[in-house]
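Protein chains in written order, with our numbering: chain E, 94 to 394; chain W, 94 to 394; chain Z, 87 to 336; chain C, 87 to 336. For glycine and all other residues, C-beta sits at the position ideal for the given N, C-alpha and C.
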Amino acid sequence: MPKLTDLASAIATHVHDGDLLYLAGFTHLIPFAAGHEIIRQGRRDLTLARATPDIIYDQMAAAGCARKIIFSYMGNPGVGSLHVLRRLVESGALEWEEYSHFGMITRLAAAAAGLPFLPLRPTGAESLAAVNPAYKTIPDPYGGPDVVALPALHPDVAILHVQRADVHGNAHLWGILGEQKEAAFAARRVILTAEEIVDEDVIRRDPNRTLIPGLIVTAVCHVPHAAHPSYAQGYYDRDNAFYLEWDALSQDEVRLHAWLEEWVYALPDRAAYWAKLGSAAHARLTPAPRPSGEVDYGGYA
Amino acid sequence: MPKLTDLASAIATHVHDGDLLYLAGFTHLIPFAAGHEIIRQGRRDLTLARATPDIIYDQMAAAGCARKIIFSYMGNPGVGSLHVLRRLVESGALEWEEYSHFGMITRLAAAAAGLPFLPLRPTGAESLAAVNPAYKTIPDPYGGPDVVALPALHPDVAILHVQRADVHGNAHLWGILGEQKEAAFAARRVILTAEEIVDEDVIRRDPNRTLIPGLIVTAVCHVPHAAHPSYAQGYYDRDNAFYLEWDALSQDEVRLHAWLEEWVYALPDRAAYWAKLGSAAHARLTPAPRPSGEVDYGGYA
Amino acid sequence: MTPAPAYSPAELMAVNAARLLQDGEVVFVGVGLPNLACNLALRTHAPNLTLIYEAGVIGARPERLPLSIGDPTLVTGATAVTSMYDIFALYLQRGLVDVGFLGGAQIGRYGDINATVIGDYAHPKTRLPGSGGSMEIAAFAKRCFIITPHQPRRFPERVDFQTSLGHGPARRALPGSGPQAVVTDLGLLRPDASGELVLAALHPGITVEQARAATGWPLQIAPDLTTTAAPTAEELALLRALDPDRIYLK
Amino acid sequence: MTPAPAYSPAELMAVNAARLLQDGEVVFVGVGLPNLACNLALRTHAPNLTLIYEAGVIGARPERLPLSIGDPTLVTGATAVTSMYDIFALYLQRGLVDVGFLGGAQIGRYGDINATVIGDYAHPKTRLPGSGGSMEIAAFAKRCFIITPHQPRRFPERVDFQTSLGHGPARRALPGSGPQAVVTDLGLLRPDASGELVLAALHPGITVEQARAATGWPLQIAPDLTTTAAPTAEELALLRALDPDRIYLK
């Protein structure tokens, strides 16, 4: 069944106040356009889960969407702090729940597999376990040393940006895959934004490239450039200049809210955002071609 | 470090009497050439583990290589019984240890992840658990229903056939992936046979296609057609006629040993085997081209 | 009135199995009759079925009839291919599969299935292939269907080994509802409230006595026993086009 | 004799970190100085290093210096890209990683690292980004190296929060041997038999007193205290070519 819709409708229908959201992607393919649409639609009391909150959760928290954050690395990668989240945590205005990367991803992997928990070998998490009761120690039934357990994390909604998908939500991804698959299978509802909506045949020509099957997808939306200032491998570059700019901007409440007004609230959608960025930015972010080469699946009639 | 060697040397060096072997592949890419080389070199007392023993373990057992089999489906897929293994089990001449598919693969997944065990939700395995003490029931530390645990399975050697690899053992696979990745990461030593040895650049043009990284590979061997009568997606078809023929042949001890003599012992290597199959078989097994199409990774300088 | 078309027992079973599938469902498919039944349903009343093959293939579009579950024709042109661990964990255990097909040498009175051994496990009279994925299909698929010829040796009161669980007390620990229909060449068995397989439908021209004689326990008759509709000419034509060499429809 | 070339503290640390790597090792790399150190080692004495980035990239060949660990330049031309779960489970936890690099706001007397919080956890004075992958790198990599400037506030006797374990009693439960060297701009600290970080080497021109003054506990001196060799002209040239804009070497 075709699941193609526009992003505003998908967010309006499937993202509710109080939901636990997981906007997936490790540095790569971060769904900024969906985050901005959630801000525009004024969602409140969200629990925002992400291994690496990145700038998108800083922005959503600044806009007042968040009640709680679940994370394992709350930094601006390669730059420093996420100042909005840091201020809110330091002031006690935001609840938080914290893991290491492996712990966070293990929670998603357990949920994706339909398991109540998954074990890890001990990682020296004693300090974190003292402040986070989700960490449990359980015996190895085969007589080895104890292992650590972490419980499944089931987001109400996972949002993924993908390079290309068909109208059924079958999606090809390449480049850094982060926790995309685990987050999608863990969630109750899955929203995709895609650089390109392609004919089903493009997907079917390379079925091993399909990381997300349409059968778990609730809605798929055609939103080119949805990841900026994050990136889409082969489509556009990470805008490192913006990540550096955010460091200063986000420390100044006046500039921060002016930025949200200008780049989120005042714009109807991602097309307007991308147009506003301007052709110099488009050119600066355009990579050179590096084709993958092909493989042959063979016809067996 | 280049790990390229010939198959006879790889087997001689890395496969020892008494080893636990895992020849990987679910129907696809079954490493028949390696199995035949193990027969030729007269290995004994092997424990042969495979979710689906397929014809290759029937042949290795017929040649006297096996002391024990670990499996989850001991059939000739789409045909019926594996008659050699069945006779040996029925007569008490072969030890066996049995799982369901999910149980078997879970054991490899645990080993691949460096864990002592992994949980499954209950699968109704009571009858199997009564005869296989590896099945354990453990509590869910989060208060849900009990789960089942299965212990890591670490093969001494995993053998995989792959479509293409570089001299370091970095390998691209496509088509059915079965338990290839889990078996390789679970094992202490990994031997690859490859349809093609390609320039490192072919691998690096599509890094998401790399299922097996060279860093876990012990030896890589250039052995075209190594999977016949199994198949290599895009290279040659599954020889269903042979799977049907084996059903009759393997029920007749005289024909069985004549077959081993003619097709294994009397031949020096896989090139001779493939030549002996003849051009009519080669033509019959050749698929039509079905190229995957390309993706663009982008150049970021 | 045109005369009812002639059909083989296998065709009869495939058609009746196809009719059990509902549009939009996710089906875990085996080779043989289940594969034919699913592909028939796709071409008739259930165009939005998603077919998942145990080998890790989703949305296959085979150009030929596959002999094995791992045939390359299932891969080329499929929607997705994933690993065996993912198929069992992320699809089956996660609860994404609506319907699974099961088979076995013995089906017991309460729907237990034996695909493992005839006789004693440690000293087998006949060693069968074993579970493969059928244990977890029976555990995790929301419901299961069995397709099998109706013969007394296939329907003993108790199976020699429980490869896949039916409707005994242990079923409560499993998320799936277990075997909901057994499609035979005589009719359909379904579990009653106690979980016992009872005769729910007879195929045209088959009698209750024939079904009772072919069952290894005193077969109960459902109060609403029905007669199945004969395969239509359209169903048979579509089915035969799927297996032109009559490999499974013989 | 040519005069020793001039170098910055960052260059000094990167060169000394590079020298700690042995050819053929598998190294878990972070951005910044660890990335530069690994790439320098690749180009000098350790051409067979395998570099793994936390983002899931193996054998990267970046055409530019990456700002973040997830930069697209790490992907294009790499040997393999895998998921985050696989990187942590199949590589780190499985024991495939020889060397990991760690950093943090505080390094304690026994090698504990704090990257989480200054002050009380529940009422933070300064909230830091947190563990990321550093907890499991410290747990699972066979040995770890730390690169950090030598300042008293960075070397307190006890850290405010143990993000990554050093050489306390809990280390016994972990397969990795923990921090085996701390490379600073004054010299190298190494754990003694008790696990306490002691001064093992001084960089040319640095005194024991300078190191002691920059450390928050009474710094012990290793009996075999050595002096590191100054960066060679070749090392510096290669290093500067890796960071021509001096983003990390400033």
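If you follow the alpha helix (DSSP H) that residue i is in, where does it begin and where does it stop?
| i | result |
| --- | --- |
| D310(Z) | Premise fails: D310(Z) lies in the beta strand (DSSP E), 307-313, not in any alpha helix (DSSP H). |
| R105(C) | 95-105 |
| R326(C) | 319-328 |
| A316(Z) | Element bounds for A316(Z): n/a, residue is neither H nor E. |
| A242(W) | Looking at the DSSP string, A242(W) is not in any alpha helix (DSSP H); the run it does join, the beta strand (DSSP E), is 240-244. |
Helix, strand or coil for residue i, going by three-state DSSP, please let me know.
| i | result |
| --- | --- |
| M87(C) | Bear in mind that a pLDDT of 47 at M87(C), under 50, signals an unreliable position, so the number given afterwards is only what the model happens to contain. The answer is coil: DSSP assigns M87(C) none of H, G, I, E or B. |
| W352(E) | helix |
| T159(Z) | helix |
| C124(C) | helix |
| Y177(Z) | helix |
| V250(W) | strand |
| F119(E) | coil |
| S372(W) | helix |
| T338(Z) | Summary: the structure shown does not reach residue 338(Z), with chain Z confined to residues 87 through 336, and so no result is reported for it. |
| I292(Z) | coil |
| G205(C) | strand |
| N225(W) | coil |
| T106(W) | helix |
| N200(C) | strand |
| Y324(E) | strand |
| R150(C) | coil |
| R200(W) | helix |
| A319(E) | coil |
| Y329(E) | strand |
| L97(E) | strand |
For the beta strand (DSSP E) that residue i lies in, which residues bound it at each end?
| i | result |
| --- | --- |
| F187(C) | 185-188 |
| R302(E) | Where R302(E) is concerned, there is no enclosing beta strand (DSSP E), given that its DSSP letter is neither H nor E. |
| L275(Z) | 273-277 |
| A267(C) | 265-269 |
| I309(E) | Premise fails: I309(E) is in no beta strand (DSSP E) and is neither H nor E. |
Determine the burial state of residue i: buried for a count of at least 16 other Cβ atoms within 10 Å of its Cβ, exposed for fewer.
| i | result |
| --- | --- |
| G156(Z) | buried |
| T136(C) | buried |
| M87(Z) | Its pLDDT being 47, under 50, M87(Z) is placed unreliably in this model, and the coordinates cannot settle the point. |
| A365(E) | exposed |
| V108(W) | buried |
| I233(C) | buried |
| A159(W) | buried |
| R258(Z) | exposed |
| A286(Z) | buried |
Could you list which residues in chain Z have their beta carbon closer than 8 Å to that of residue i, in chain order?
| i | result |
| --- | --- |
| Y228(W) | Within chain Z, no residue comes near Y228(W); the closest Cβ sits about 11 Å away, beyond 8 Å. |
Which chain W residues sit within Cβ distance under 7 Å of residue i?
| i | result |
| --- | --- |
| R150(C) | Y393, A394 |
| T162(C) | Y390, G391, G392, Y393 |
Residues of chain W with CB under 9 Å from residue i, in chain order?
| i | result |
| --- | --- |
| P44(C) | There is simply no residue 44(C) to check, as chain C begins at 87 and stops at 336 in what is shown. |
| L153(Z) | P170, G171, V172, R331, N333, Y336, L337 |
| W367(E) | Within chain W, no residue comes near W367(E); the closest Cβ sits about 17 Å away, beyond 9 Å. |
Run through chain C and tell me which residues come within less than 7 Å of residue i, C-beta to C-beta.
| i | result |
| --- | --- |
| M167(E) | P215, G216 |
| Q344(E) | Going along chain C, no residue has its Cβ under 7 Å from Q344(E), so there is no contact; the nearest lies around 14 Å. |
| T216(E) | M221, E222, A225 |
So which residues on chain E does residue i lean against when the C-beta distance must stay under 7 Å?
| i | result |
| --- | --- |
| G181(Z) | G207 |
| P244(W) | Y235 |
| T136(Z) | L308 |
Counting only Cβ pairs nearer than 7 Å, list the residues of chain Z close to residue i.
| i | result |
| --- | --- |
| P300(E) | V161, A164, T165, A166, V167 |
| T303(E) | T165, A166 |
Task: Contiguous alpha helix (DSSP H) assignments of at least 4 residues, all confined to the segment 230-259 of chain C - done: none
Continuous alpha helix (DSSP H) assignments of at least 4 residues falling wholly in the segment 120-165 of chain E:
125-133, 147-155
*Taking only runs of the alpha helix (DSSP H) that begin and end inside the segment 162-194 of chain W, which ones reach a length of at least 4 residues, in chain order?*
176-183
Runs of alpha helix (DSSP H) wholly within the segment 256-300 of chain W (minimum 4 residues, chain order):
273-279, 293-297
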